[in-house]
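Residue numbers (this note's numbering), protein chains in the order written: chain A, 317 to 588; chain B, 8 to 290.
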């Protein structure tokens, strides 16, 4: 299926077999990653995040993990300038805040008013608002991108359904479609796996895999450490401070998990 | 019966009232829809009460009362925002505090002014659509034109912002400016509706037509269009009731639109109380 919604990054327009050599170069090339340096966030005199330093690489599925209140969503919001913070967040050498047109952000489902008078189509087309620009109507290309995105997540037949009549999984897939229509380089998802069905979870991981293969940055806040953790390439383990960051093997040690969860976690070997 | 309705239209004041009724009915429904979907109905009420002192002060200075009212309306939203930022007091309490203070100041000023001049406080509180002048028609038409053009041109951005402000901000939309722009549109709309409905009840014309439409249709632009139709029908009906029975126009308009809301509430195919379909809908 033609993936109109995946705007190929110039460095990636090569056949898939060449990708592993390319991706090694990308991994060692920090300018295509998001660098977070000394990020701290204060919420009314309480420190929500303390001096976070990490790298978020393209071509990898990165998960932010930690207990409740660890600052996971806050980290993502601070990166995108949605909450005030101190520190530096750079992408390709320039502040990420100045390049938000490269970012697709999907907030927590619970933050959205699902009784808003809109259909699935209305929500997906919101992804095209920035690309269309001020004072212009949506182009045929925009509509085609949206149509393809809906097909990809399996929601085409629900196109004219009011969003209030969707199940949790369907709502999440609509949001995923919206993110795809933005044709971004950086995808940020805040707890996309809460309250969804198995089919939706599979669709989401499949799309994540396509995005990382195409060299995108995919960052996900995750609320639980279940089996699905094996899908993630890179982890950021937080509890107000940065506990550990790196590959699954590097991060998922007993010591790190105990520190993050204050000892309240059952550890099993298969995950790493 | 049709002759009875057409007969008064030969009078200039009635023609002007009709134009105002149509403009205000459309204007309030469109802008009020944004208030409704953002759960900011209370803010609409706050701004409408807050315009009164601006009106009074403008009158004293011999300036355009619309402009004075508009400035007071915008000033009150600034006060509300500032107090919310600098104190632990919650949004709804701050709105209540600010608008009652402004309103009280307005009533006091107008009562004092009334002693020397011929303005009737009741007309500003409850509307006097039959007393609109040609300048009022001109000013309302200008405001309506500005508002409709802005809503049309910025429709997709406002839709995104009012549905998902965080997502819109993360996509790079200038959400603070969009929000301020909406506040300006709301203040303009309230000022334009003052003469027709009065400041106390303009909230009803802002919220009720959109809410009625919301029970009947599914998408925002449909809510606005159907809301505008409902608003216009209510305004014109209220105007005629005011004419034939010598009632203040604001309450008359509000009774009509509220009645239409009740009909939608009871009989809406999707949500109606008398329609058991809502029990079969998945939650």
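Each residue gets a CB set at the ideal place from its N, CA and C atoms; glycine is no exception.
Counting the other CB atoms within 10 Å of its CB gives residue 115 of chain B a total below 16, which places it among the exposed residues. Our two residues, residue 541 of chain A and residue 381 of chain A, have alpha carbons roughly 8 Å apart in a direct line. Short of 6 Å from the beta carbon of residue 557 of chain A, and not among the five residues preceding or following it, lie these beta carbons of its own chain, in chain order: 366.
Residue 38 of chain B: not part of any beta strand (DSSP E); member of the alpha helix (DSSP H) spanning 19-44, first to last residue. Contact of residue 230 of chain B with chain A is assigned, a C-beta pair being separated by under 8 Å.
Between the beta-carbon of residue 420 of chain A and that of residue 500 of chain A there is about 4 Å, and that keeps the pair under the 8 Å contact cut. Taking residue 106 of chain B as the centre and dropping the five residues before and after it, the same chain places the C-beta of 53, 56, 57 closer than 6 Å to its C-beta, in chain order. Per DSSP, the unbroken alpha helix (DSSP H) holding residue 59 of chain B starts and ends at 48-68. The beta-carbon of residue 163 of chain B is placed less than 8 Å from the nearest beta-carbon of chain A. The beta strand (DSSP E) runs of length 3 or more contained entirely in the segment 80-125 of chain B do not exist; there are none. Annotated three-state conformation of residue 214 of chain B is helix, per DSSP. The three-state secondary structure of residue 366 of chain A, taken from DSSP, is strand. Under the 8 Å criterion on CB atoms, residue 247 of chain B is classed as non-interfacial with respect to chain A. Between residue 63 of chain B and the set B:16, B:94, B:124, B:99, the nearest pair of CA atoms involves B:124. A distance below 8 Å separates the beta carbons of residue 469 of chain A and residue 492 of chain A.
Assigned with DSSP and collapsed to three states, residue 572 of chain A falls in helix. Its Cα nearest to that of residue 265 of chain B, the residue B:217 stands out among B:231, B:281, B:217, B:229. As DSSP reads the structure, residue 562 of chain A sits in a beta bridge with A:551.
The alpha carbon of residue 254 of chain B has as its nearest neighbour, out of B:141, B:130, B:45, the alpha carbon of B:130.
DSSP places residue 77 of chain B within a helical segment (H, G or I) once states are collapsed to three. Along the segment 178-189 of chain B, going in chain order, the ones with a CB nearer than 8 Å to a CB of chain A are 178, 179, 180. Annotated as proximal: residue 475 of chain A and residue 436 of chain A, with beta-carbon spacing under 8 Å. Residue-level contact by beta carbon holds for residue 433 of chain A and chain B, with a gap shorter than 8 Å. Judged by pairs of C-beta atoms under 8 Å, the segment 266-283 of chain B touches the segment 218-225 of chain B, as three or more such pairs exist.
Annotated as distal: residue 81 of chain B and residue 242 of chain B, with beta-carbon spacing of 8 Å or more. Under the Cβ criterion of 8 Å, residue 154 of chain B is not counted among the residues facing chain A.
The beta-carbon of residue 280 of chain B is placed no less than 8 Å from the nearest beta-carbon of chain A. When B:133, B:120, B:195 are compared, the shortest CA-CA separation from residue 84 of chain B is found for B:195. At least 8 Å separates the CB of residue 39 of chain B from every CB of chain A.
Rounded to whole angstroms, the separation of the alpha carbons of residue 45 of chain B and residue 169 of chain B is 6 Å. A straight line joining the alpha-carbon of residue 565 of chain A with that of residue 378 of chain A spans about 13 Å. Residue state for residue 520 of chain A is assigned as helix, using DSSP reduced to three classes.
Residue-level contact check: residue 176 of chain B touches chain A, since one or more beta carbons of chain A fall below 8 Å from its beta carbon. When only Cα atoms are considered, residue 272 of chain B and residue 571 of chain A end up about 59 Å apart.
The CB of residue 471 of chain A never comes closer than 7 Å to any CB in chain B; the least such distance is about 16 Å. Taking 8 Å as the Cβ-Cβ cut-off, the segment 411-431 of chain A approaches chain B at 416, 417, 419, 420, 421, 422, 423, 427, 428, 429, given in chain order.
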